[in-house]
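In our numbering, the protein residues as written are 387 to 647.
Notes follow once the structure below has been shown.
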Ligand SMILES: C[S@@+](CC[C@H](N)C(=O)[O-])C[C@H]1O[C@@H](n2cnc3c(N)ncnc32)[C@H](O)[C@@H]1O
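Encoded structure:
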């Protein structure tokens, strides 16, 4: 059953992380007697692997920016390119500021910023109540005092001139995109957007031009082919000093602008 190298690697990781086996037990003393409880967990693991469930969901754990986040199928699994976004913020903002992570999901962006900057006040908003429940679990597990999950349809519940910094990794995959076939275990609300993937991005940029303080910064993650059009939407909504950051494949994936009304 464990016929591919990738599954074997995941299985060994599972034995260590979930069942607490050490290298000696796995590689040398291979005749260990399994408890019934462990047998059940191994059977469940094999079934989930067969169904293509991502390892992070099986382990209920995802490593992101030095921290272990609880994850399950209610939230997107945090991606490495999003760590680049967090890194940018942690290296460019020093004085106490009020931050919004719009579409917080597991809370990975907002919580990583809050933990590195205890003098920031960070809000993490999401429309999905399920996702917010996970953000609350991570707030509790990681003992984050300066991060507050809040239910909101993008920025609609916030008043004008409210934040110094808004960051978002919104859903940006267009309906019917073939990549979605590989992402069936992750929530649709976290992935898909109408209008060629731009519906939510347009909403966030437009609303940010009111909810951000003048001079404030908007940071948005987007698809590999969206940087030009996202730049145009920033410009139409009074953002200037627009730059982008490339991902590990050197593709522009994050756009940053300053509001100058
Ligand atoms: C791509 S996921 C990002 C999750 C997390 N920030 C991350 O980077 O892993 C997008 C998030 O936006 C949320 N979302 C979708 N539509 C929304 C809306 N109208 N208002 C607020 N959040 C929304 C989804 O529930 C999801 O958690």
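From the three backbone atoms N, C-alpha and C, an ideal C-beta is built for every residue, glycine too.
Check	Outcome
The stretch 426 to 434 / the stretch 485 to 503 touching (three or more Cβ pairs under 8 Å)	no
Inter-residue Cα distance where the pair is residue 535 and residue 501	14 Å
Proximity test, residue 392 beta-carbon vs ligand 1 heavy atom, cut-off 7 Å	no
heavy atom of ligand 1 below 7 Å from residue 426 C-beta	no
Identified DSSP bridge partners for residue 643	604
Selected residue, minimal CA-CA separation from residue 544, among 611, 519, 529, 595	595
heavy atom of ligand 1 below 7 Å from residue 512 C-beta	yes
Stretch pair the stretch 519 to 530 + the stretch 547 to 554: three plus CB contacts closer than 8 Å	no
Residue 648 Cβ short of 7 Å to ligand 1 heavy atom set	Examination of residue 648 is not possible in this model, given that the chain is present from 387 through 647 alone.
Segment limits, alpha helix (DSSP H) that includes residue 496	494 to 502
For residue 511 and residue 518, the rounded distance between their alpha carbons	8 Å
Classification of residue 558 by the beta-carbon crowding that lies within 10 angstroms, buried from 16 upward	buried
First and last residue of the uninterrupted alpha helix (DSSP H) at residue 392	391 to 403
CA-to-CA distance, residue 615 to residue 516, given in whole angstroms	31 Å
Buried or exposed by the 16-neighbour rule on C-beta atoms within 10 Å, applied to residue 392	exposed
CA nearest to the CA of residue 433, picked from 397, 454, 419, 447	397
Best match in 563, 402, 506, 455 for proximity to residue 581 [C-alpha to C-alpha]	563
Short Cβ contact (8 Å threshold) for residue 530 with residue 483	no
Distance between residue 457 and residue 520 (C-alpha atoms, nearest Å)	7 Å
Cut-off 7 Å between Cβ atoms - residues of its own chain near residue 569, not counting five sequence neighbours on either side	577
The alpha helix (DSSP H) enclosing residue 459, as first and last residue numbers	Run containing residue 459: none; DSSP gives neither H nor E here.
Residue 609 (DSSP reduced to helix, strand or coil)	coil
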